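Asker:
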Amino acid sequence: MSEFHLRLEQAKDIEFWRKLNPELHITDDDKSFSVQPYEIAEDVLNDARETLLYDGYFQVQQLVEPALAAKLAKCIETIFNAGWPTPFAIVYDEYWEMFYRLKPLFEKILGPGYKQLTSTWCWYIETDDDSKGWGQHRDRPGFKVLNEDGTPNTLNVWVALTNATPDNGCIYILPGSRDENYEPGDTLSRDVRDLQNIRALPANAGDVLAWTESLLHWGSRSSKRAKNPRVSLSFSFQRSDKHPYETPLYEPSRHQVFSDRLGMIASNIWNYRTHDKFSPETLFACRQLAQFVPTMSFQNGHEREILEVDKRLSESVLWEMQEQYFEQKSDEAWERAPSRITSRMPFVESHFELIKSFLIDTATTLDLDSPLYILEIGGGSGCFAYRFLNQFLESRDDFDILKKLKLKYVLSEFSNGTVRNYLANKNFTAHKDAGILDFATFRPDTDDEIRLAISTDSINKNNLKNPLIVIANHVFGTIKQDAFRLDHGVLKETKFTAFREEGRASLKERAKIEEIELTERFYDAADNYYDDPALNTILAHYKKNLEQASVIFPTGALNVLRNLTKISNGNMAILAADKGFASLQSHRIQGFHAHELSRHGSFSCDVNFDAVERYVRSQGGQTFIESGDNADHAVMFAYTHLNELQHTGHCWKQQFEKKRAFDTGNQVEELVSTNLKIEENEEVHSAAKKFLAVVRHFNFEPHIFVQAFNTLLEPKRDDLSSLEKDIVNDLMNCASKVEKNVFIINNDFDVYDVMLRTHYALAQFAECLELSERIIKEYGEVRTALDHAALSSDRLGKLEQAHNYFQRTFTLDRTNEWALKEMLRIRSLLPQAGDSIVRISIARPK
1125 MSEFHLRLEQ AKDIEFWRKL NPELHITDDD KSFSVQPYEI AEDVLNDARE TLLYDGYFQV
1185 QQLVEPALAA KLAKCIETIF NAGWPTPFAI VYDEYWEMFY RLKPLFEKIL GPGYKQLTST
1245 WCWYIETDDD SKGWGQHRDR PGFKVLNEDG TPNTLNVWVA LTNATPDNGC IYILPGSRDE
1305 NYEPGDTLSR DVRDLQNIRA LPANAGDVLA WTESLLHWGS RSSKRAKNPR VSLSFSFQRS
1365 DKHPYETPLY EPSRHQVFSD RLGMIASNIW NYRTHDKFSP ETLFACRQLA QFVPTMSFQN
1425 GHEREILEVD KRLSESVLWE MQEQYFEQKS DEAWERAPSR ITSRMPFVES HFELIKSFLI
1485 DTATTLDLDS PLYILEIGGG SGCFAYRFLN QFLESRDDFD ILKKLKLKYV LSEFSNGTVR
1545 NYLANKNFTA HKDAGILDFA TFRPDTDDEI RLAISTDSIN KNNLKNPLIV IANHVFGTIK
1605 QDAFRLDHGV LKETKFTAFR EEGRASLKER AKIEEIELTE RFYDAADNYY DDPALNTILA
1665 HYKKNLEQAS VIFPTGALNV LRNLTKISNG NMAILAADKG FASLQSHRIQ GFHAHELSRH
1725 GSFSCDVNFD AVERYVRSQG GQTFIESGDN ADHAVMFAYT HLNELQHTGH CWKQQFEKKR
1785 AFDTGNQVEE LVSTNLKIEE NEEVHSAAKK FLAVVRHFNF EPHIFVQAFN TLLEPKRDDL
1845 SSLEKDIVND LMNCASKVEK NVFIINNDFD VYDVMLRTHY ALAQFAECLE LSERIIKEYG
1905 EVRTALDHAA LSSDRLGKLE QAHNYFQRTF TLDRTNEWAL KEMLRIRSLL PQAGDSIVRI
1965 SIARPK
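Using my numbering, you'd call the opening residue of the sequence shown number 1125 and step up by one each time.
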């Protein structure tokens, strides 16, 4: 057994500690103390409270009897000489009992029902010139710990177990009454302007000192002249009617079980490891022991609802909440989720080019009499599918293989409600009518066949003749994961407690994902953690090659790959993009850190593409990965065979490795959004050329079209009519190509608004009216379409039609005074009963 594990096993052994200090006790039972509190005179209590309110500290002499102080000091010395950090003394009952016996003192300061915090320490300061106490500090800088009347919410209590003198490192303080930075001042400051204000606090064995956590204090350096080591310890406490300053909170009148004590001790050693020198073996043991800290033991000021305790991440209630969210929110969910990133036209284009290259590579093996299915899982809004199919249709006649294919694109989601929305979405009408698009409610990790909604056909292992091509954008990060911690060859499973608190949430309402808080604990993981040997092999590799790491493990993604491989008879290609990493050197995996969830109504995790790649290769497949280690996202293409993919490999190098299409596209888009500008005196034709260049570069992406117009052409809109005819034609051609990519989500009609404004500014009133009416026919009473239909009708002399449209836009929004004014103006120009035809002619504009 290594020194690391020997140290850990000793620390976990209750009998080891009992034998080390046989005169002390360890009660491994959660029960009340049998000792009684000290009887402390009322005048002593009052004096302590008054001193604390004035100077921020107090000192009560020899409250702890000398014999007990000597016994506790000897224990700390024994632990120190045995090579263990001195806080391990707190495994023994007698330390907890001693602080419980000070109950009258704490109740005087903190009120009844006070709680004990996790912060604690023991000191053994040797009699030499190098040993010293902790340096100048405040216990909780930057936090409000005092009430308006000066009473503290927290109290740090320090007990001298041997005489503490200036020679062996006694406590020094800057009294609160002499400290301009004492709360409510700047408690982040440790300045001492007048050294004469510093006060030494020598103490005899058994003295009790306490101070607020805003007080500036320190332990001084010892010396060879000291008569004895300075041995002392401290615990911290807080009021029970305040939100916790630390969690968990402990009940100070009860024994803590052995494992809880170990966890608290180890956590403190790790948290305060910079204050002393500890061996790597000791720190390793403490990282393991810290798992024993209970996630929470008391309600922390705010009312709390605990949803679950110590669950594997893959078993968390969060996944059920995720499904409920998507089922309830349907299309609205995609407004907040990051899926729009993968629906941008440059990204769609790169996906299409890669899949086209794959089809060219595998053309000789395809059965052209059978359908070729492209299955999109987690299709979200459907925008990617719509634009991908447009790209396919646009390119089909350019490539023989595309012309010959019987393409069937299957847009799937696990939610029935989302699939119903697909079926009702008019954007898909042309593709459905062409027979190249169908839909399916499908769970890719469990369902053994794909039932199509329109054709009612079923895709399964018995009828697939061609490779199943799968697109999985922003899917792997939103399905089940597990989490692990690696520490010097030890694999720990990470378990999560989920809760929410009143204030941040209303506990009377159903819990929402953004309200949930998580805490982590770590437990030894079995060697054969999963039923699948391939997954265990990956974990074994991590165990061998990672020293200290926090690993997210994509169990859901691996289940999807396993299941889709079965459905496809082992003939599947998958293209996946997500936030994640592909190298074990990534900062996303190295070191100890909490696993953060990205929350956007739903939630997502980083995707461990390293594990996905290892799994695919273990099953005889091949992968291409664009590493996201120094980027926001990663992209992976995997094929279950080892066929030579010449065109696919070249396309991958050009589109993904060279251009880094996913992440580069995002960064350039942000650059355009924030830095695109027009010079003050720039000519309109120059602005128009810039606009066209940007929109073309982004493959006629509607989102960029809107941004570029608002920045470059909106300031020059009154001058657009002066543009030369060829530039106007280019603008119209550009708008036409952009319109093919328009996919409306949640009534966002900005792109149409820009197109309509452009037509109107160019005096293309007939075109403006035609587009307005097309939008109204497709989407109903759209405000910008009604407005421009009214304006264009007016300019074309169609007064009755203009009046009708102004009336409809006013009906849509009765606060629209402009529409009302225009409606009344047009009404005054319309012919009244008995009017002559001459009046009508005069009233209409030429």
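Note that the Cβ used here is the ideal one computed from N, Cα and C, for glycine as well.
Everything numeric in this text was worked out from a predicted model, so none of it was measured.
#1: Within this structure, are the beta carbons of Ala1832 and Val1819 separated by less than 8 Å?
#2: If I measure Cβ to Cβ from Asp1887 and keep anything under 7 Å in the same chain, skipping five residues before and after, which residues do I get?
#3: Leaving out five residues before and five after Ser1519 in sequence, what residues of the same chain have Cβ atoms less than 6 Å from its Cβ?
#4: When you compare only the Cα positions, how much space is there between Gly1503 and Ala1509?
#5: Express the C-alpha separation of Glu1432 and Met1628 in angstroms, rounding to a whole number.
#6: Would you list the residues sitting across from His1827 in a DSSP beta bridge?
#7: When we look at the beta-carbon of Phe1677 and count the other beta-carbons within 10 Å, is it buried (16 or more) or exposed?
#8: Where does Thr1679 fall in DSSP's three states?
#9: So, for Leu1836: in the same chain, excluding its five sequence neighbours on each side, which residues have a beta-carbon less than 6 Å away from its beta-carbon?
#10: Let me know the secondary structure DSSP gives Gln1134 once reduced to three states.
#11: Alpha carbon to alpha carbon, what distance is there between Ser1536 and Phe1422?
#12: Can Gln1362 and Asn1277 be called in contact, C-beta distance under 8 Å?
#13: When you compare each of Gln1320, Pro1290 and Leu1285 to Pro1299 by their alpha carbons, which one comes out closest?
#14: Got a sec? Which residues, its chain only, sit under 7 Å from Phe1889 by beta carbon, not counting five neighbours each side?
#15: Need the endpoints of the beta strand (DSSP E) that Thr1542 sits in, please.
#16: Among the residues of its own chain, which have a CB less than 6 Å from the CB of Arg1963, if the five just before and after it don't count?
#17: Along the alpha helix (DSSP H) that carries Lys1922, what are the first and last residues, could you check?
#18: Can you tell which of His1821, Phe1873 and Val1906 has its C-alpha closest to the C-alpha of Glu1473?
#19: From Lys1351 to Asp1611, what does the alpha carbon distance come to, in whole angstroms?
#20: Taking just the CA atoms, how far does Val1866 sit from Phe1934?
#21: Decide if Ser1304 is buried, meaning its Cβ has at least 16 other Cβ atoms within 10 Å, or exposed.
#22: Just to confirm my understanding: we take Asn1540, look at its own chain, exclude 5 residues before and 5 after, and list those with CB closer than 7 Å. What are they?
#23: According to DSSP, is Phe1815 helix, strand or coil?
#24: State the Cα-Cα distance for the pair Thr1286 and Lys1268, rounded to the nearest angstrom.
#25: Would you mind working out which of Gly1745, Phe1204 and Leu1442 sits nearest Arg1634, comparing C-alpha positions?
#26: Grouping DSSP H, G and I as helix and E and B as strand, with all else coil, what is Tyr1533?
#27: Under DSSP, the beta strand (DSSP E) around Ser1728 begins and ends at which residues?
#28: Assuming contact is defined by CB atoms lying nearer than 8 Å, are Glu1625 and Glu1427 in contact in what I supplied?
#29: Could you check whether Pro1161 and Lys1227 sit closer than 8 Å to each other, using their CB atoms as the reference points?
#30: Which class does Ile1691 belong to by DSSP, given the choice of helix, strand or coil?
#31: Since Asn1695 and Pro1591 are thought to touch, with beta carbons under 8 Å apart, how far apart are those beta carbons, to the nearest angstrom?
#32: Check whether the Cβ atoms of Glu1750 and Arg1712 lie closer than 8 Å to each other.
#33: Could you have a look at Pro1209 and say whether DSSP puts it in helix, strand or coil?
#34: For Leu1936 versus Leu1895, is the C-beta distance shorter than 8 Å?
#35: Quick one: is Asp1959 buried, meaning 16 or more other Cβ sit within 10 Å of its Cβ, or exposed?
#36: My understanding is that Leu1333 touches Tyr1181, with C-beta atoms under 8 Å, so please give their C-beta distance in whole angstroms.
Answerer: In short:
#1: Indexing the sequence shown from 1 puts residue 1832 at position 708. Indexing the sequence shown from 1 puts residue 1819 at position 695. Result yes, Cβ atoms of Ala1832 and Val1819 sit closer than 8 Å.
#2: Reading the sequence shown from its first residue, position 763 is the one you call residue 1887. Residue 1887 is actually Ala in this sequence, not Asp. Excluding positions up to five away in sequence, the list reads Ser1845.
#3: Walking along the sequence shown from the start, residue 1519 turns up at place 395. Taken in chain order, the list of residues that qualify is empty.
#4: Along the sequence shown, one-based indexing puts residue 1503 at 379. Along the sequence shown, one-based indexing puts residue 1509 at 385. The straight-line gap separating the alpha-carbon atoms of Gly1503 and Ala1509 is approximately 8 Å.
#5: Locating residue 1628 in the sequence shown gives position 504, counting from the first residue. Locating residue 1432 in the sequence shown gives position 308, counting from the first residue. Met is not the amino acid found at residue 1628; the sequence shown has Arg there. Arg1628 and Glu1432: Cα-Cα distance of roughly 18 Å.
#6: Reading the sequence shown from its first residue, position 703 is the one you call residue 1827. In the DSSP output, where bridge partners are listed per residue, His1827 has none listed.
#7: Translated into the one-based positions of the sequence shown, residue 1677 becomes position 553. Classification for Phe1677: buried.
#8: For the purposes of this step, residue 1679 is taken as residue 555 along the sequence shown, with counting starting at 1. Three-state DSSP puts Thr1679 in a helix.
#9: Numbered from its first residue, the sequence shown carries residue 1836 at position 712. Cβ contact annotation for Leu1836 (same chain, cutoff 6 Å, sequence separation greater than five): Ile1802, Ala1811, Lys1814 and Phe1815, in chain order.
#10: As a first step, residue 1134 must be located in the sequence shown, where it is residue number 10. The answer is helix: DSSP assigns Gln1134 an H, G or I state.
#11: Here residue 1422 refers to the residue found at position 298 of the sequence shown. Here residue 1536 refers to the residue found at position 412 of the sequence shown. Reliability of the predicted coordinates at Phe1422 is poor, the pLDDT of 49 falling under 50, and no value is obtained from them.
#12: What you label residue 1362 is simply residue 238 of the sequence shown in a count that begins at 1. What you label residue 1277 is simply residue 153 of the sequence shown in a count that begins at 1. Cβ atoms of Gln1362 and Asn1277: closer than 8 Å.
#13: Looking up residue 1299 in the sequence shown gives position 175. Of the listed residues, the one whose Cα sits closest to Pro1299 is Gln1320.
#14: Position 765 of the sequence shown, counted from the first residue, corresponds to residue 1889. Cβ within range, chain order: Ser1916, Arg1919 and Leu1920.
#15: Taking the sequence shown and counting its residues from 1, one reaches residue 1542 at position 418. Unbroken run through Thr1542 is the alpha helix (DSSP H), Asn1540 to Ala1548; no beta strand (DSSP E).
#16: By 1-based counting over the sequence shown, the position of residue 1963 is 839. Unreliable positioning characterises Arg1963 in this predicted model, as indicated by a pLDDT of 37, which lies under 50. The coordinate reading is nonetheless provided below. No residues qualify anywhere along the chain.
#17: Here residue 1922 refers to the residue found at position 798 when the sequence shown is read from its first residue. Where Lys1922 is concerned, there is no enclosing alpha helix (DSSP H), given that its DSSP letter is neither H nor E.
#18: For the purposes of this step, residue 1473 is taken as residue 349 along the sequence shown, with counting starting at 1. If we check each option's Cα against that of Glu1473, His1821 comes out closest.
#19: Residue mapping note: residue 1351 aligns to position 227 of the sequence shown, counting from 1. Residue mapping note: residue 1611 aligns to position 487 of the sequence shown, counting from 1. The straight-line gap from Cα to Cα measures roughly 42 Å.
#20: On the sequence shown, residue 1934 is found 810 positions in, with the first residue counted as 1. On the sequence shown, residue 1866 is found 742 positions in, with the first residue counted as 1. For Phe1934 and Val1866, the distance between alpha carbons rounds to 27 Å.
#21: The count along the sequence shown starts at 1 and reaches residue 1304 at position 180. Sequence inspection shows Glu at residue 1304; the Ser mentioned does not correspond to that position. In the assembly as shown, Glu1304 is an exposed residue. Its beta-carbon has fewer than 16 other beta-carbons within 10 Å.
#22: If you number the sequence shown from 1, residue 1540 lands on position 416. In the same chain as Asn1540, and ignoring 5 residues on each side of it, the C-beta atoms closer than 7 Å to its own belong to Thr1565, in chain order.
#23: Mapped onto the sequence shown, residue 1815 falls at position 691. Assignment of Phe1815 by DSSP, reduced to helix, strand and coil, places it in the helix class.
#24: If you number the sequence shown from 1, residue 1286 lands on position 162. If you number the sequence shown from 1, residue 1268 lands on position 144. One C-alpha to the other measures close to 33 Å.
#25: By one-based count along the sequence shown, residue 1634 stands at place 510. Cα-wise, what sits closest to Arg1634 is Leu1442.
#26: The residue labelled residue 1533 in the question sits at position 409 within the sequence shown. In the structure shown, Tyr1533 sits in a strand (DSSP, three-state: E or B).
#27: As a first step, residue 1728 is located in the sequence shown; it is residue number 604 there, counting from the start. From DSSP, the beta strand (DSSP E) with Ser1728 extends over Ser1726 to Ser1728.
#28: Residue 1625 sits at position 501 when you count from the first residue of the sequence shown. Residue 1427 sits at position 303 when you count from the first residue of the sequence shown. Between Glu1625 and Glu1427, the CB-CB gap stays under 8 Å.
#29: Counting from 1 along the sequence shown, the entry for residue 1227 is found at position 103. Counting from 1 along the sequence shown, the entry for residue 1161 is found at position 37. Yes.
#30: For the purposes of this step, residue 1691 is taken as the residue at position 567 of the sequence shown. In this structure, DSSP gives Ile1691 a helical state, which the three-state scheme calls helix.
#31: Looking up residue 1695 in the sequence shown gives position 571. Looking up residue 1591 in the sequence shown gives position 467. Indeed, because the Cβ distance is near 5 Å, the residues count as touching under 8 Å.
#32: In the sequence shown, counting from the first residue as 1, residue 1750 sits at position 626. In the sequence shown, counting from the first residue as 1, residue 1712 sits at position 588. Not in contact: Glu1750 and Arg1712 (Cβ atoms no closer than 8 Å).
#33: For the purposes of this step, residue 1209 is taken as residue 85 along the sequence shown, with counting starting at 1. Pro1209: coil per DSSP, three-state reduction.
#34: Sequence index remark: in the sequence shown, residue 1936 carries index 812 (1-based). Sequence index remark: in the sequence shown, residue 1895 carries index 771 (1-based). Cβ atoms of Leu1936 and Leu1895: not closer than 8 Å.
#35: On the sequence shown, position 835 is the one that residue 1959 refers to. In this predicted model, Asp1959 has a pLDDT of only 46, less than 50, meaning its place in the structure is not dependable enough to derive any value.
#36: As a first step, residue 1333 is located in the sequence shown; it is residue number 209 there, counting from the start. As a first step, residue 1181 is located in the sequence shown; it is residue number 57 there, counting from the start. Their Cβ separation, rounded to whole angstroms, is 7 Å, which keeps Leu1333 and Tyr1181 in contact under 8 Å.
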